[in-house]
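Structure first, commentary second.
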Amino acid sequence: MIHQHTLRLATHGKGTYELTDQLAELVRASGVRRGLVNVFLRHTSASLVIYENADPSARADLLRFFEQLVPDDLTGYAHTAEGPDDLTSHLRMALTRTSEQIPIVDGRLGLGTWQGVFLFEHRHAPHRREVLVTVLGE
Amino acid sequence: MIHQHTLRLATHGKGTYELTDQLAELVRASGVRRGLVNVFLRHTSASLVIYENADPSARADLLRFFEQLVPDDLTGYAHTAEGPDDLTSHLRMALTRTSEQIPIVDGRLGLGTWQGVFLFEHRHAPHRREVLVTVLGE
Amino acid sequence: MIHQHTLRLATHGKGTYELTDQLAELVRASGVRRGLVNVFLRHTSASLVIYENADPSARADLLRFFEQLVPDDLTGYAHTAEGPDDLTSHLRMALTRTSEQIPIVDGRLGLGTWQGVFLFEHRHAPHRREVLVTVLGE
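Protein chains in written order, with the working numbering: chain W, 310 to 447; chain D, 310 to 447; chain E, 310 to 447.
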């Protein structure tokens, strides 16, 4: 069995946006008991990450760290047509993930206790984002 | 055909722990000749990485590099309730991988000559880790 | 349905090499209408990344950034038998991706408008690289 669905999200600035509940519901609705779900982000200036979902400070620190690792005031770079958060968005995306694959066990997402799935938005301006969800299994 | 299995590992401090042989055995036992295996780590303070498995110095250097890239003495961060290797474990996980997908070719893992699959433990204290292995194929 | 194919590429130095058209053709030829394609690189000194494919300056900047993040003149490291771009190739690989998973929607790659799939070569010397492509679906 293969089910596909597109999630549409409106982001309002840099940060993490949790998708876990929507994914869990898509898996439940699919009827798949054992298999995999592929979560695929169709953009290059945002990314996905499975991350600690209990303490919001861990996510605030993730943002802080990436602002330091790939600072928006990078100099000596060429791809800046769309502003100072253009290239850095691509770089932060390349350092994290475009897709996640999560096992489905007994009809549910096989995530660990502290794992959530997040869209990691790297742009300041509001954006509309599409996430393709593909459920495979039996 | 879909087969699922949970690998349980005891880690004893930061470092890399190879899973390749256990994965190869699970693939062999599944009887799948062509397909994919998904390896999924159910934790946020450890990660997975496919890495050079011939020369142990390459793995020692991986650790050394991550100690520099995400130093445990980071200042200005909030998520430190579980000690100085708490947040940095999450960050190192986000920079590497939570799951790996490996093709199955002729009944065997399709890894290259120098590729091994490693659990990358980011915590000092001993931990019990769970890895969900899902084999899909024919 | 499961189809497997090996792409062989000759690289000529550090840089990005686009695979999107070859992947699209393999998906088309497979006849799969809905499913996933797994793209797996069988090497530890090169990696894969889905990245902005419209403006070549974005890819030049990706290289520049990784030269800064993991500089070839790293000191204090042990795994240098194959020269100064040996260890740094492994580290850059670990920070990006060994495989990508892309949904197949209506018989085509479900990539976003600006997404391309690239082999990211981290070695100076020419190399022959193998990419295993596995198409699963219906």
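Cβ coordinates follow ideal geometry from the N, Cα and C atoms, glycine included.
Cβ neighbours of residue i in the same chain (closer than 8 angstroms, five flanking residues each side left out)
i: I413(W); result: V336, V341, R342, R343, G344, L345, V346, G419, V444 and G446
i: H388(W); result: D395, L396 and H399
i: A434(W); result: G322
i: R417(E); result: A333, V336 and R337
i: G421(E); result: none
i: T384(E); result: none
Under the three-state DSSP convention, the category residue i falls into
i: P435(W); result: coil
i: A363(D); result: coil
i: T320(D); result: strand
i: L517(E); result: Since the first residue of chain E shown is 310 and the last is 447, residue 517(E) is not available in this structure.
i: T389(W); result: coil
i: T384(D); result: coil
i: D330(E); result: helix
i: D394(W); result: coil
i: V379(W); result: coil
Cβ neighbours of residue i in the same chain (closer than 6 angstroms, five flanking residues each side left out)
i: Y386(D); result: L396
i: E327(W); result: G425 and F427
i: D381(D); result: P393, D394 and T397
i: T407(W); result: L350
i: V379(D); result: T397, L400 and R401
i: W423(W); result: E361 and A363
i: T339(W); result: It should be noted that the sequence gives Ser, not Thr, for residue 339(W). The answer, listed in chain order, is H312 and V444.
i: P365(D); result: none
i: R368(D); result: T325
i: H436(W); result: T320
i: E391(D); result: none
Whole-Å CB distance - residue i paired with residue j, under 8 angstroms assumed
i: R438(D); j: L372(D); result: With 8 angstroms as the limit, R438(D) and L372(D) do not qualify as a contact, their Cβ atoms being about 17 angstroms apart.
i: T315(E); j: N362(E); result: Going by Cβ atoms, the distance from T315(E) to N362(E) rounds to 23 angstroms, so no, they are not a contact pair.
i: L404(D); j: L404(E); result: 6 angstroms
i: Q313(D); j: V440(D); result: With 8 angstroms as the limit, Q313(D) and V440(D) do not qualify as a contact, their Cβ atoms being about 11 angstroms apart.
Paired residues, beta bridge with residue i - DSSP
i: S356(E); result: F429(E)
i: T443(W); result: Q313(W) and N347(W)
i: R406(D); result: L357(D)
i: Q325(W); result: Rather than Gln, the amino acid found at residue 325(W) in this sequence is Thr. DSSP, once it has assigned bridges, lists F429(W) as partnering T325(W).
i: Q424(W); result: E361(W)
i: E412(D); result: Residue 412(D) is actually Pro in this sequence, not Glu. Note: P412(D) sits in a beta bridge opposite L345(D).
Nonlocal neighbours in the same chain, by C-beta distance under 7 angstroms from residue i, ignoring five residues either side
i: H352(E); result: R438
i: E409(E); result: V348, L357, I359 and V426
i: M402(E); result: T353, S354, A355, S356 and H431
i: D415(D); result: R342
i: F375(D); result: R401
i: Q377(E); result: none
Exercise for review: Answer yes if the region 427-444 of chain W comes into contact with the region 346-362 of chain W, meaning at least three C-beta pairs across the two stretches below 8 angstroms, and no otherwise.
Suggested key: Judged by Cβ distances under 8 angstroms, the region 346-362 of chain W makes contact with the region 427-444 of chain W, as three or more pairs qualify.
Check your understanding: Within the chosen definition, does the region 319-333 of chain D reach the region 317-332 of chain E through at least 3 CB pairs nearer than 8 angstroms?
Key -> no
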